[in-house]
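Read left to right, the sequence shown gives residues 1 to 315 (the working numbering).
Glycine is no exception: its CB is placed at the ideal position from the N, C-alpha and C atoms.
Structure, as structure tokens:
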Amino acid sequence: MAEWAVELEGLTKRFGDFVAVDRVSLTVARGEVFGFLGPNGAGKSTTIRMLCGILPPSDGRGFVLGHDVVRESAAIKRRIGYMSQKFSLYEDLTVGENIDFFGGLYRVPKARKRARREYALGLAGLEARVDDVTRTLPAGMRQRLALGSALLHEPDIVFLDEPTSGVDPTMRRSFWDLIYDLAAAQVTVFVTTHYMEEAEYCHRLCLIDQGQVAALGSPAELKAKYGPPSVLACRVSDSAAALRALDGLPGVEDVSLFGRDVHLAAAGPADELAARIRDRLSGAGVDLKHLQVISASLEDVFIRLVEGRAKDDST
1 MAEWAVELEG
11 LTKRFGDFVA
21 VDRVSLTVAR
31 GEVFGFLGPN
41 GAGKSTTIRM
51 LCGILPPSDG
61 RGFVLGHDVV
71 RESAAIKRRI
81 GYMSQKFSLY
91 EDLTVGENID
101 FFGGLYRVPK
111 ARKRARREYA
121 LGLAGLEARV
131 DDVTRTLPAG
141 MRQRLALGSA
151 LLHEPDIVFL
161 DEPTSGVDPT
171 MRRSFWDLIY
181 DLAAAQVTVF
191 VTTHYMEEAE
201 YCHRLCLIDQ
211 GQVAALGSPA
221 ELKAKYGPPS
231 VLACRVSDSA
241 AALRALDGLP
251 GVEDVSLFGR
261 DVHLAAAGPA
271 DELAARIRDR
281 LSGAGVDLKH
291 LQVISASLED
301 VFIRLVEGRA
311 KDDST
């Protein structure tokens with residue numbers, strides 16, 4: 001048995017002169033929930049397609065469950081599940097017809113078909129809607145059905161490409177409960193997401209930017225290593241005016257809107273900055289209702305890394 005579920009060494013993909021994935025090296029342990037994060041166009045989906053044997057790499061090496069992504073793509077496809085960021089089932093078929101179709105596609109043994117069909121229906125919570133046309137289901141149920149269908153053949157690793165896009169927060173949390181259940185059963189989950197709060201649920205994360213690995217580690221490790229020295233949250237009377245007033249304030253790396261609050265990533269100790277924030281807001285006629293120092297979030301880390309790389313590239 002291979003030590004790693006995924007092992008990449010300098011994996012690269014070029015499309016003409018454009019380098020979509022640039023020398024990516026990483027490992028993913030069996031039973032790990034591994035998050036793959038990055039802005040649009042960073043190379044996340046291209047990397048997954050190479051790992052699934054859909055796209056051949058231009059350079060480097062990749063192994064999934066010990067199988068080479070170039071020479072053994074057929075063996076990889078038999079042992080993985082894949083759920084694309086776009087809904088992957090047939091919306092004109094019923095729930096049951098979709099499950100039966102994918103059961104045949106994945107060559108689920110006849111003796112296992114009934115049990116796996118019941119598993120997929122239970123996972124999606126669709127036992128009572130087996131005869132409903134799939135397009136009539138809420139988005140969250142369709143995504144759960146897609147996940148159940150991707151697991152019919154009991155894969156050792158499942159690739160989920162932005163699986164909760166367009167799903168409401170309650171259903172997203174339910175979906176992640178399913179992901180944890182998979183990991184507990186030693187199924188490796190390799191997932192991309194653009195929701196930073198979801199990334200907190202992963203055991204480890206890879207932040208990818210412009211096709212390159214920008215950071216790799218657990219959420220706690222990334223926040224400790226790459227997060228700003230301190231973050232201040234301001235509750236104000238006018239968020240838009242506060243953003244304009246605080247932009248460019250000495251000692252502030254970044255100003256952004258988080259819900260109703262304005263967050264400031266500080267370059268140094270927060271105590272020295274608090275008085276300047278109050279003065280700047282008062283001068284702009286903005287009422288400061290509350291100010292507190294908070295822990296850096298993954299979104300703070302993500303913004304700091306991506307913007308820092310952009311500044312380095314421009315110099």
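Three-state class that DSSP yields for residue i in the structure shown
i      : result
Val301 : helix
Glu9   : strand
Ser151 : Looking at the sequence shown, residue 151 is not Ser but Leu. Looking at Leu151 - three-state DSSP - the assignment turns out to be coil, as it is neither helix nor strand.
Ile76  : helix
Leu89  : coil
Pro253 : As written in the sequence, residue 253 is Glu, which differs from the Pro given in the question. Looking at Glu253 - three-state DSSP - the assignment turns out to be strand.
Asp279 : helix
Tyr226 : helix
Gln143 : helix
Arg260 : coil
Val108 : coil
Asp131 : coil
Ser174 : helix
Ala266 : strand
Ala20  : strand
Asp316 : A question about residue 316 goes unanswered here, because the residues of the chain that appear run from 1 up to 315.
Tyr82  : strand
Ala248 : Ala is not the amino acid found at residue 248; the sequence shown has Gly there. In the structure shown, Gly248 sits in coil (DSSP, three-state: anything other than H, G, I, E or B).
Asp94  : The question names Asp, but residue 94 in the sequence shown is Thr. Here Thr94 sits in strand by DSSP.
Ala185 : coil
Arg30  : coil
Residue burial classification, residue i (beta-carbon count within 10 angstroms, cutoff 16)
i      : result
His67  : buried
Ala124 : buried
Ser256 : exposed
Gln143 : buried
His290 : exposed
Pro169 : exposed
Arg317 : Residue 317 falls outside the range modelled here, since the chain spans only 1 to 315, and no answer is possible.
Ser237 : exposed
Option in the options with minimal Cα separation from residue i
i      : options                           : result
Asp261 : Ala240, Arg276 and Ala184         : Ala240
Ala115 : Leu151, Val255, Ala29 and Lys13   : Leu151
Thr193 : Gly41, Arg204 and Asp161          : Asp161
Phe36  : Gly217, Gly53 and Phe101          : Gly217
Val24  : Thr46, Gly16, Arg30 and Phe15     : Thr46
Arg173 : Gly140, Leu145, Cys234 and Tyr90  : Gly140
Phe258 : Ala270, Leu243 and Pro269         : Leu243
Val167 : Gly285, Leu137, Ala120 and Asp247 : Leu137
Glu253 : Gly308, Gly283, Arg204 and Gly285 : Gly308
Tyr82  : Val158, Gly43 and Arg71           : Val158
Phe18  : Pro219, Gly43 and Gly62           : Gly43
Contacting residues, own chain, Cβ-Cβ under 8 Å from residue i (five flanking each side not counted)
i      : result
Tyr180 : Val33 and Tyr201
Leu305 : Leu207, Asp209, Ala214, Ala215 and Tyr226
Leu55  : Lys13, Thr46 and Arg49
Gly268 : Pro229, Ser230 and Gly251
6 Å CB neighbourhood of residue i in its chain, flanking five on each side removed
i      : result
Ser297 : none
His153 : Tyr106 and Val108
Leu182 : Val189
Thr164 : Arg172 and Phe175
Minimum Cβ-Cβ distance from residue i to chain C less than 8 Å
i      : result
Gly148 : Going by chain labels, chain C is absent from the structure shown, which holds only one protein chain.
Own chain partners of residue i with C-beta closer than 7 Å, once the 5 adjacent residues on each side are dropped
i      : result
Leu26  : Leu8, Cys206, Val213 and Leu216
Asp327 : Because the chain spans 1 through 315 in this model, residue 327 falls outside it and cannot be assessed.
Is the stretch 227-243 close to the stretch 291-307, with three or more CB pairs under 8 Å?
yes
Contact between the stretch 128-137 and the stretch 90-97 (3+ Cβ pairs under 8 Å)
Touching, yes, given that three or more Cβ pairs across the two stretches are closer than 8 Å.
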